[in-house]
Amino acid sequence: MSLSETAAPARPENAATYLRLYRQMAKIRAFEDNANELYLSGKMPGLTHMYSGQEAVAVGICEALTKDDKITSTHRGHGHCVAKGAEFKEMFCELLGKAEGYCRGKGGSMHIADQDNGNLGANAIVGGSAGIATGAALAAKRLGTQGVSVCFFGDGALGQGLLYEVMNMAALWKLPVIYACENNLYGEYTKVEEMAAGALAARAKAFGIETHEVDGQDVLAVNRLAEDLVERARKGEGPFFVVLHTYRYHGHHVGDINRTYYRSKEEEADWKANRDPITNFGKWLVAEKIATPEELGQLGEDVAREAKAAVDYALAAPYPPADEVDMHVYVAA
Amino acid sequence: MSLSETAAPARPENAATYLRLYRQMAKIRAFEDNANELYLSGKMPGLTHMYSGQEAVAVGICEALTKDDKITSTHRGHGHCVAKGAEFKEMFCELLGKAEGYCRGKGGSMHIADQDNGNLGANAIVGGSAGIATGAALAAKRLGTQGVSVCFFGDGALGQGLLYEVMNMAALWKLPVIYACENNLYGEYTKVEEMAAGALAARAKAFGIETHEVDGQDVLAVNRLAEDLVERARKGEGPFFVVLHTYRYHGHHVGDINRTYYRSKEEEADWKANRDPITNFGKWLVAEKIATPEELGQLGEDVAREAKAAVDYALAAPYPPADEVDMHVYVAA
Amino acid sequence: MREITLSKAVNEAIAEEMRRDPTIILMGEDVAEAGTPFKVLSGLVEEFGPERILDTPISEPGFTGIAVGAAMTGMRPIVDLMFGDFLFLVMDQLCNQAAKTHYMSGGKLSVPMVLRTNMGATRRSAAQHSQSLHALVAHIPGLKVAMPSSAYEAKGLLKTAIRDNNPVVIFEDKLMYQDKAGVPEEEYLIPFGEAKVLREGRDITFVATSSMRQVAEKAAETLSAEGIEAEIIDPRTIVPLDEATILASVRKTGRAIVVDEGHQSFGVTAEIAARIAEKAFYYLDAPVGRMGAMDVPVPFSPALEDLTVPTPERLAERARATLRGEPVHAA
Amino acid sequence: MREITLSKAVNEAIAEEMRRDPTIILMGEDVAEAGTPFKVLSGLVEEFGPERILDTPISEPGFTGIAVGAAMTGMRPIVDLMFGDFLFLVMDQLCNQAAKTHYMSGGKLSVPMVLRTNMGATRRSAAQHSQSLHALVAHIPGLKVAMPSSAYEAKGLLKTAIRDNNPVVIFEDKLMYQDKAGVPEEEYLIPFGEAKVLREGRDITFVATSSMRQVAEKAAETLSAEGIEAEIIDPRTIVPLDEATILASVRKTGRAIVVDEGHQSFGVTAEIAARIAEKAFYYLDAPVGRMGAMDVPVPFSPALEDLTVPTPERLAERARATLRGEPVHAA
Ligand SMILES: Cc1ncc(C[n+]2csc(CCOP(=O)(O)OP(=O)(O)O)c2C)c(N)n1
Ligand SMILES: Cc1ncc(C[n+]2csc(CCOP(=O)(O)OP(=O)(O)O)c2C)c(N)n1
Ligand SMILES: [Mg+2]
Ligand SMILES: [Mg+2]
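What follows is the structure in structure tokens.
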């Protein structure tokens, strides 16, 4: 695991970047708090999976990408979506199945995509997007766009054989793809060590893929590594594999409330109290005099207000009309 | 790669074992020569894949197994079948689609199985039997039979994700299974290095599986390693992974005649002249005074006669009656 | 008779069979302590232990393949596939391996395994967690396919499936897990290939699979109030299919509509309708109607999703049109 | 018109399209120097280079998934799946991903890819290399499915498939690769969803897919000598299906038999027969017949394998029975 970047002194010339990293993380947290609330108050159809706790991963990586770079996301996909540049309004509309959602309400939380910002979509098949991200990298290479793609997936997805097939091809063909394994210690209700034999990092090394591990709660460490790997991938030095050690604060999905049978309240409390990516980064920003507590407080309030306004908008927005039901099955000729 | 066992002096008390290893290899070669001839003379339906050149692998491993131990085999499966104890007659009948074949003619070369001797069958899906072998190991463990299972597959099968999924479970659950990867340098018409990134052996180590490499042309080296691993697997120390370096003499299948575009005649000639498992082992047997050249010659003739008789029998044997066509779709109640 | 949920019925079936036969194991994701996301298997690991109730990694092809191998060598594995949509991941192991092993080996090897999975839309789970894919496996010789329509059927069919010496795929409708039905305390099995006449009627036959039974029953009630008496047949297993019972009904009523929650095109309604149209041809007073799910991926939006599945209202309307002799083409 | 083999027609279609559109790539096992085991792609790597004709490892799910991603981001990949039987391995990437992406994204993303594969038994290749699995993909909304019945159709349909903005699965009958047909030198495309009337006749309609065209043509010849005139319709694409042409024919002849090489049950014959029976109901003089492959895994033994597929003799006999008004039930 790389040394914490936040142990080092801030570089004042990077202040805008730092604040943007903070803001993006705060936006994700605010989005999820509202999504959770929508579920709990019975206003959201279906279930959804909260990204809270993992913000530094999505933000640290996506801030190293351009808009044209592609990502593929997972069932726990709101964080990646926000980090890649999506708007709250279209996102909440999507979560509520409204016509103004990114996918006109057809995808919902588990399939939210944002083509314009290079997000090829969340995926409800665990591991199912490994081929897609790799294919996007192949396209970038063939088309000579200099694009890079990032495949986000959880520790649980290491169980899927597809990942190994595409890593092999990515390695053989030197594709500009970064496999970002978010190890949040659990796949649903099972601990990672009960699901994965051997060392996680060894899984990609076996294909000769350069592999890194990083503290996924340290947004600067993640971002520094990502900047480096993205740049190298653009130069044709990819693929890369990164294990990001992180934690999800909520249950597996919003309905997973009684979960002490698989993880303890103490463990959850410890991560929240001591390893929160937003709190810790905020403290560092203050200590390094990049921002005052008041400024951060204000930022938090702005973001919360923005989220609330988007929720209200989405709640009032119309559903897609009935005749859209058989639209988009095929591309119109 | 382990040191060649045939570099060491013979142990006379093992003479019977040595001769059996030799005989089993000779049987496979004779079987394949006849199968090839059947194809070339237009007497065999479909295509088939010759095992010639790889005999030391199947024999070295299967001689370390009991009849109750299970193996799963591949499209190149005659060698495994003979090595696990099958009879020529039922085998040739199967290859010709006759009713007395092991599978009543329904399976043919690519699905030949021999349940009584623990051969769960050849498989026409590359890598497709990885789950089956692992499942047989799970059954052996649950039922407490002390059984071990061996999954034979080629270097090409390393491309299939299924293998990684089941190796992970085998490692997590400590199953008595040995993954035997026969690296004959090619998958169809493509070299292994164009299909597999990284080191082959690293593929299983990534799951914490103990991995070995061995000269697959040296039947004693293979057998020694197999005896050791099988014994350890029985004690619960499995799973294991073995890369066996070997070579196929014929084309990918019997119809693959013009193949210089993917491998040279020189390479083929070199393996046949210098690394033939039967010739070399025969020389050693003679040098170590386990057998005379005449005895080996006689053994070869016996085996050839046996094969020829089985071919003649099979050619004359009846096809299954038409009413068997919809029999065996379901187990009769 | 006591009433229990479909979920409990499944749980009981497995527990009873596992007590009876020590070679039965169950494997899948989060099947042990978690008892599956639907909590269908709660309590089993406590009784049978983690050696028999195996939590697997997220490796559907892998653990299905392991089940095939275990089934070939003395075990009777039950595979829990969390969502029917994941069938696409296990098709090779299920259809190229499990389904064909007995035949390819000339009857020597067999694969006594059960793959339990689910089906059913309208849970707002979107396109990859809502499919009803039973038609796909029904097309593959060597597999049997059961579709319980209530807790009673769920228990009886699952017990039969577990004792069957062939690979059986059983689809539970995930929206029915909390639905209750009368289930005897005593042991019972439901033989495969025996349809059940759920309601007798003279005017039209509804052939309804799985939860479409409820759709058919509600439609039949509405129609009955209008003087139209529908007969309802639940095939219970679509492979083997009890053609005789279906044909006998249609020969009596002269009219039929087949209702199933899979996509309509190239689905189960096609097979059953085609057989009726062929084999009851001279008895038919109207074309055989078909109502499947719309041929669209399942949309997330509640406003759209509910339009994609057959409803009692639409079935009743279709029945009336059939009786009026109007053409009853799919939309 | 010059006559070329189906194999050559496929090769030409790909080469022409690749010359026209640099975003087209082709990927699969042994597609480059080897030109596939069937040698269908010989010469392409020499012209287009290994950057566009990609040899892959033996990783069907993986390279299909890669194709999906590449298609979403500006390429038009053609996936070569060596045997149709391997469809089972790629179902998730094809049916959960490729087929649903456009819909799930509300029309924002699309997946313009072609999966070329094959079908057809009687090559003595046994149960895992002989299947005709087109019914499975036809059941999944979002996929189009083409089934060329000659070199002419193979070229025209493949070119259309490559230009289509949706995922298209095209099944070539591997027994027809060496069959020749007239193929114009000039460019042509065959639109999807337009069936072709191959032969006109007044007495009975044969709807025949892929190589069943040859079966139907031979049967029609035999029957013609007996005074029975069969009309033959080749749907060419089963998704979309040109219902109008089929129905117009059956409304004229009053009788129909649907012939297809997939397993009969829950297969293509069911869908087409059910639609005819429903929508041409009042024109039918006899039940719609169905002839698919037997519902058994394909046996290796020549003595058995030939029994499992429709033949001209059996089709002619079925047609005679239909015309005599005898019940024509599947065996
Ligand atoms: C193929 C497949 N199998 C199972 C599931 C059910 N499922 C959804 S999320 C999940 C756990 C995934 O764990 P991980 O990859 O670690 O992601 P996390 O939820 O921890 O973010 C499972 C098993 C699924 N959606 N897809
Ligand atoms: C799933 C699958 N993909 C492709 C094939 C076609 N095929 C048959 S053998 C073979 C090569 C296998 O190579 P390897 O595993 O090294 O075995 P070898 O032939 O060298 O013994 C291929 C690609 C197949 N039978 N199954
Ligand atoms: Mg996780
Ligand atoms: Mg090989």
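Chains as they are written, first to last, in the numbering used here: chain V, 187 to 519; chain A, 187 to 519; chain B, 7 to 337; chain D, 7 to 337.
All C-beta atoms, glycine included, are put in the ideal place defined by N, C-alpha and C.
If you're wondering where the values come from, they're calculated on a predicted model, not measured in any experiment.
Tell me the rounded alpha-carbon separation between residue i and residue j.
i: residue 447 of chain A; j: residue 433 of chain A; result: 17 Å
i: residue 132 of chain D; j: residue 191 of chain D; result: 37 Å
i: residue 320 of chain V; j: residue 314 of chain V; result: 11 Å
i: residue 194 of chain V; j: residue 210 of chain V; result: 22 Å
i: residue 184 of chain D; j: residue 32 of chain D; result: 22 Å
i: residue 381 of chain A; j: residue 115 of chain D; result: 31 Å
i: residue 24 of chain D; j: residue 135 of chain D; result: 29 Å
i: residue 229 of chain V; j: residue 263 of chain V; result: 20 Å
i: residue 139 of chain D; j: residue 244 of chain D; result: 13 Å
i: residue 298 of chain V; j: residue 221 of chain D; result: 48 Å
i: residue 268 of chain V; j: residue 212 of chain V; result: 10 Å
i: residue 418 of chain A; j: residue 375 of chain V; result: 34 Å
i: residue 512 of chain A; j: residue 450 of chain V; result: 57 Å
i: residue 187 of chain V; j: residue 54 of chain D; result: Only weak support exists for where residue 187 of chain V lies, its pLDDT of 40 falling under 50; the value from the coordinates is given anyway. Their Cα atoms are separated by approximately 44 Å.
i: residue 413 of chain V; j: residue 368 of chain A; result: 41 Å
i: residue 474 of chain V; j: residue 370 of chain V; result: 29 Å
i: residue 516 of chain A; j: residue 113 of chain B; result: 8 Å
i: residue 455 of chain V; j: residue 378 of chain A; result: 50 Å
i: residue 176 of chain B; j: residue 431 of chain A; result: 44 Å
So, for residue i: in the same chain, excluding its five sequence neighbours on each side, which residues have a beta-carbon less than 7 Å away from its beta-carbon?
i: residue 317 of chain V; result: 348, 352
i: residue 420 of chain A; result: 332, 334, 362
By the three-class DSSP mapping on this structure, what secondary structure does residue i have?
i: residue 83 of chain B; result: strand
i: residue 98 of chain D; result: helix
i: residue 335 of chain A; result: strand
i: residue 33 of chain B; result: strand
i: residue 385 of chain A; result: coil
i: residue 317 of chain A; result: helix
i: residue 198 of chain D; result: coil
i: residue 340 of chain V; result: strand
i: residue 125 of chain B; result: strand
i: residue 267 of chain A; result: helix
i: residue 337 of chain B; result: Note that residue 337 of chain B scores 39 on pLDDT, short of 50, meaning its location in the model is unreliable; the coordinates nonetheless yield the value given after this. Residue 337 of chain B falls in the coil class under three-state DSSP.
i: residue 420 of chain A; result: helix
Excluding the 5 residues flanking residue i on each side, which residues of the same chain have their C-beta closer than 6 Å to its C-beta?
i: residue 264 of chain B; result: 213, 275, 278, 279, 296
In the DSSP assignment, find the unbroken alpha helix (DSSP H) run with residue i in it and report its ends.
i: residue 14 of chain B; result: 12-26
i: residue 398 of chain A; result: That residue, residue 398 of chain A, is in no alpha helix (DSSP H); its beta strand (DSSP E) goes 396-401.
Give a yes or no on whether the minimum CB-CB distance between residue i and chain F is below 8 Å.
i: residue 103 of chain D; result: Considering every chain present, this structure includes no chain F. Its protein chains are V, A, B and D.
May I ask which residues mark the beginning and end of the beta strand (DSSP E) holding residue i?
i: residue 175 of chain B; result: 174-179
i: residue 297 of chain D; result: 295-299
Examine ligand 5 and report whether any of its heavy atoms sits within less than 7 Å of the Cβ of residue i.
i: residue 17 of chain B; result: As presented, the structure is devoid of ligand 5, carrying ligand 1, ligand 2, ligand 3 and ligand 4 as its sole ligands.
Excluding sequence positions up to five away, which residues of its chain have a Cβ less than 8 Å from the Cβ of residue i?
i: residue 458 of chain A; result: 239, 435
i: residue 519 of chain A; result: none
Cβ contact check for the segment 333-347 of chain A and the segment 214-223 of chain A: 3 or more pairs under 8 Å: no
The segment 477-496 of chain V / the segment 271-281 of chain V touching (three or more Cβ pairs under 8 Å): yes
The segment 186-204 of chain D in contact with the segment 56-67 of chain D per 3-pair CB rule at 8 Å: no
Cβ pair count under 8 Å reaching 3, the segment 279-297 of chain V against the segment 302-319 of chain B: yes
Cβ contact check for the segment 232-241 of chain B and the segment 255-269 of chain B: 3 or more pairs under 8 Å: yes
Meets three-Cβ-pair contact criterion under 8 Å: the segment 34-44 of chain D and the segment 75-95 of chain D: A contact exists between the segment 34-44 of chain D and the segment 75-95 of chain D.
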